[in-house]
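There are 4 protein chains.
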Amino acid sequence: MSAASKSGFQSEKLIRFHHCDPAGIVFYPQYFVLFHELLEDWFNRGLGLDYAAFVSRERRGLPTAHIDCDFRVPSKIGDTVQMRLSVIRIGTSSITLDVSVHGDGAVRVTAKQVLVLISLEDGAVLPIPPALKKEFARFLRPAPADAGLSGKAAPAPTKRDK
Amino acid sequence: MSAASKSGFQSEKLIRFHHCDPAGIVFYPQYFVLFHELLEDWFNRGLGLDYAAFVSRERRGLPTAHIDCDFRVPSKIGDTVQMRLSVIRIGTSSITLDVSVHGDGAVRVTAKQVLVLISLEDGAVLPIPPALKKEFARFLRPAPADAGLSGKAAPAPTKRDK
Amino acid sequence: MSAASKSGFQSEKLIRFHHCDPAGIVFYPQYFVLFHELLEDWFNRGLGLDYAAFVSRERRGLPTAHIDCDFRVPSKIGDTVQMRLSVIRIGTSSITLDVSVHGDGAVRVTAKQVLVLISLEDGAVLPIPPALKKEFARFLRPAPADAGLSGKAAPAPTKRDK
Amino acid sequence: MSAASKSGFQSEKLIRFHHCDPAGIVFYPQYFVLFHELLEDWFNRGLGLDYAAFVSRERRGLPTAHIDCDFRVPSKIGDTVQMRLSVIRIGTSSITLDVSVHGDGAVRVTAKQVLVLISLEDGAVLPIPPALKKEFARFLRPAPADAGLSGKAAPAPTKRDK
């Protein structure tokens, strides 16, 4: 169901009835719910960190500050898709992820997502601890030379890492 | 609750319990559900077109091909937010929307969203009929001179309008 | 949009695209999300209590302990439905609500729902304060003599009000 | 992840961030989404029928006509729960399921759910074909002698099977 590799972390998902809209295809907000499942899977099975403990006990969160997403090929009920995640930048308080959805050998969705580490107690932005940075770095790879993403500058650290 | 003006279409929304996550703030995929509510409100109250008939009777849809979104300030349960929509580009088969969420006088979320007109019968991309283009054009305005959006080229029509 | 009357509290809702499934009708879990919207509307506009403050500041919640629901007539995108709520029992720590959904003059959904007052700090069941009981009592009415509901005994207070 | 046994079909689920509300526990409508996942898993892995094909190719659906649900113990993020399903009645056009959620050895949620076979083309109620009845019957067992459920009569077939 999941694996860490040179191409990053992968988790397989079944497209279910509740993901789909009256057009019979995935309603796009549901992809973002699936991206969050992928993030949880990455913590639990890729990083070897307990995501629930991260949230409930450590009271830390990784809300999305920015997302840039291309929907190329629709998915429909019953499809099995491969969701992939890799890290393309580690900032002071943020990480930038490259997320993609694949099915039947084709790229269906690509996204670049910036997450910021915060305290769930007061919402304050936190610096990423060195030990966590080291874990994230195991999934680091250069930004893909993808026409849809490479032309856009990474978010300015001074803005993201405030 | 809604109005058409020079700044585009606006619809007011209450942030509800079900939009919020264990951190007590809006779970970001729920913003995209709210964006879809805004689109429906724009059809029904801004364009004066029946969105349900558009989908159910005319069997047409406007799936999202691209979305680029900045989350600046979180929203929490009980907040009343103003959601605004304007059209920044009308292509052969697509429209590009500028969507934003405002609360307490601050910009909380900004997004640029590309929607493509399709047939719900077979998923085929359709040219936007002239009468519909004319309606959309009533909400057309130049792309905002926003550092976060202006630096990115609009999607190539040849790609989007295939 | 809402009103208090002898028939209880009413709030009108538009059935939206995101409520509907690939069959083009409301996906039944979405009705329960709408029931929660109705509860919030009842607090805000019926009881005159700020639901968000109840949750966020007073840190109290009303989780569902029991729900019994009949789905009679489906709803589809674009339908405007009337959602009605009245109180049929006020216990030590719980209230039992009669909830229904109406459209085009027909009863579409009926439900009996038991909510329990808890502290969000530790999940402990709380006795309903007399002032809150008095507010709830304004919407109290006998259980409907409905074949689908009347034959079932109300939950035993000793069980629900533990 | 799943198994057929004398106690019915079982599927294990991870409680995720998006299932939980600001109180940090599963928002009850999400249990019904999970019940639907369980139904899909039962088709795919228990009955050996392709649920997606059932919906998309055969254009048949199993909407819920009635649900009666007790929420006993809350679930929180990171919990692994066992969801169990068995058939307690097979009618002309409907099946009644006994569904339950278990965690840490305790029963957390119990439900009795009536599903009706319909055509997705026109919404018409269909008789359950003998071959499908035979499949369902493999998971048939007597209704549990549970105080919370046994006191309630099964829905009258003449009403459900209209």
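Respectively, the protein sequence lines represent chains Z, S, A and L.
Going left to right, the first sequence walks through residues 1 to 162 as our numbering numbers them.
Going left to right, the second sequence walks through residues 1001 to 1162 as our numbering numbers them.
Going left to right, the third sequence walks through residues 2001 to 2162 as our numbering numbers them.
Going left to right, the fourth sequence walks through residues 3001 to 3162 as our numbering numbers them.
Yeah, the Cβ is synthetic: ideal placement off N, Cα and C, and Gly gets one too.
Quantities reported herein were computed from a predicted structural model and do not represent experimental measurements.
Asked                                                                                                                                                : Found
Counterpart residues of lysine 1112 (chain S) in DSSP-defined beta bridges                                                                           : S:Asp1068, S:Asp1098
is_contact[histidine 3066 (chain L), chain Z] using C-beta, thresh 8 angstroms                                                                       : no
Per-residue DSSP class, three states only, for glycine 1048 (chain S)                                                                                : coil
Alanine 3106 (chain L) in three-state terms, based on DSSP                                                                                           : strand
Interface residues of chain L facing isoleucine 1118 (chain S) [CB-CB closer than 9 angstroms]                                                       : Going along chain L, no residue has its Cβ under 9 angstroms from isoleucine 1118 (chain S), so there is no contact; the nearest lies around 18 angstroms.
Proximal residues of chain L, C-beta to C-beta of proline 1022 (chain S) below 9 angstroms                                                           : Phe3017, Cys3020, Asp3021, Pro3022, Ala3023, Gly3024, Ile3025, Lys3076, Ile3077
Any alpha helix (DSSP H) of 4 or more consecutive residues that is wholly inside the stretch 68-93 of chain Z                                        : none
Threonine 3064 (chain L) burial status per 10 Å Cβ neighbour count (16 or more: buried)                                                              : buried
The stretch 1069-1082 of chain S contacting the stretch 1015-1031 of chain S, beta-carbon criterion three pairs below 8 angstroms                    : yes
The stretch 125-141 of chain Z contacting the stretch 78-91 of chain Z, beta-carbon criterion three pairs below 8 angstroms                          : yes
Min CB distance aspartate 2050 (chain A) to chain L below 8 angstroms                                                                                : no
Contact set for histidine 3018 (chain L): own chain, Cβ-Cβ below 6 angstroms, skip 5 residues either direction                                       : none
Span of the alpha helix (DSSP H), counted from its first residue to its last, around glutamate 12 (chain Z)                                          : Unbroken run through glutamate 12 (chain Z) is the beta strand (DSSP E), 8-14; no alpha helix (DSSP H).
Best match in A:Asp2104, A:Thr2110, A:Asp2021, A:Arg2108 for proximity to isoleucine 25 (chain Z) [C-alpha to C-alpha]                               : A:Asp2021
Reduced DSSP secondary structure (H/G/I, E/B, other) of leucine 117 (chain Z)                                                                        : coil
Cβ of valine 81 (chain Z) within 8 angstroms of any chain L Cβ                                                                                       : no
Short CB-CB distance (under 8 angstroms) between glutamate 2012 (chain A) and chain S                                                                : no
Bridge partner(s) assigned by DSSP for valine 2125 (chain A)                                                                                         : A:Ile2118
Identity of the residue in S:Val1114, S:Ala1124, S:Gln1010 nearest aspartate 68 (chain Z) by Cα                                                      : S:Val1114
Neighbour list for serine 2094 (chain A) in chain S, Cβ cutoff strictly below 7 angstroms                                                            : Under the 7 angstroms cutoff, chain S gives no residues; its nearest Cβ is about 19 angstroms from serine 2094 (chain A).
Beta-carbon gap between phenylalanine 1043 (chain S) and phenylalanine 1054 (chain S) smaller than 8 angstroms                                       : yes
Residue environment, lysine 2134 (chain A), which counts as buried when at least 16 other CB atoms sit within 10 Å                                   : exposed
Same chain, Cβ closer than 8 angstroms to aspartate 3215 (chain L), five either side skipped, listed in chain order                                  : Lying outside 3001 to 3162, the shown extent of chain L, residue 3215 (chain L) is not represented and no answer is given.
Proximity test, Cβ basis, 8 angstroms: glycine 3103 (chain L) and chain A                                                                            : no
Reduced DSSP category for leucine 62 (chain Z) - H, G, I as helix; E, B as strand; rest coil                                                         : coil
Which listed residue (S:Arg1084, S:Gly1123, S:Gly1048) has its alpha carbon closest to that of serine 1100 (chain S)                                 : S:Arg1084
Glutamate 3037 (chain L) at chain Z interface by Cβ criterion, 8 angstroms                                                                           : yes
Leucine 2062 (chain A) to glycine 2123 (chain A) span [Cα, whole Å]                                                                                  : 10 angstroms
Of the listed residues Z:Ala23, Z:Ala137, Z:Arg108, nearest to threonine 96 (chain Z) (C-alpha basis)                                                : Z:Ala137
Alpha-carbon to alpha-carbon, glutamate 1037 (chain S) and arginine 2016 (chain A)                                                                   : 7 angstroms
Residue range of the unbroken alpha helix (DSSP H) whose run includes valine 33 (chain Z)                                                            : 28-41
Alpha-carbon to alpha-carbon, threonine 2092 (chain A) and phenylalanine 35 (chain Z)                                                                : 43 angstroms
Beta-carbon contacts of leucine 2126 (chain A) that lie in its chain and below 8 angstroms, excluding the five residues immediately before and after : Arg2060, Ser2093, Leu2117, Ile2118, Ser2119
Short CB-CB distance (under 8 angstroms) between glutamate 58 (chain Z) and chain L                                                                  : no
CB contact flag (glycine 1103 (chain S), aspartate 1070 (chain S), <8 angstroms)                                                                     : no
For leucine 3186 (chain L): DSSP bridge partner residues                                                                                             : Residue 3186 (chain L) lies beyond the stretch modelled for chain L, which goes from 3001 to 3162, so this question has no answer here.
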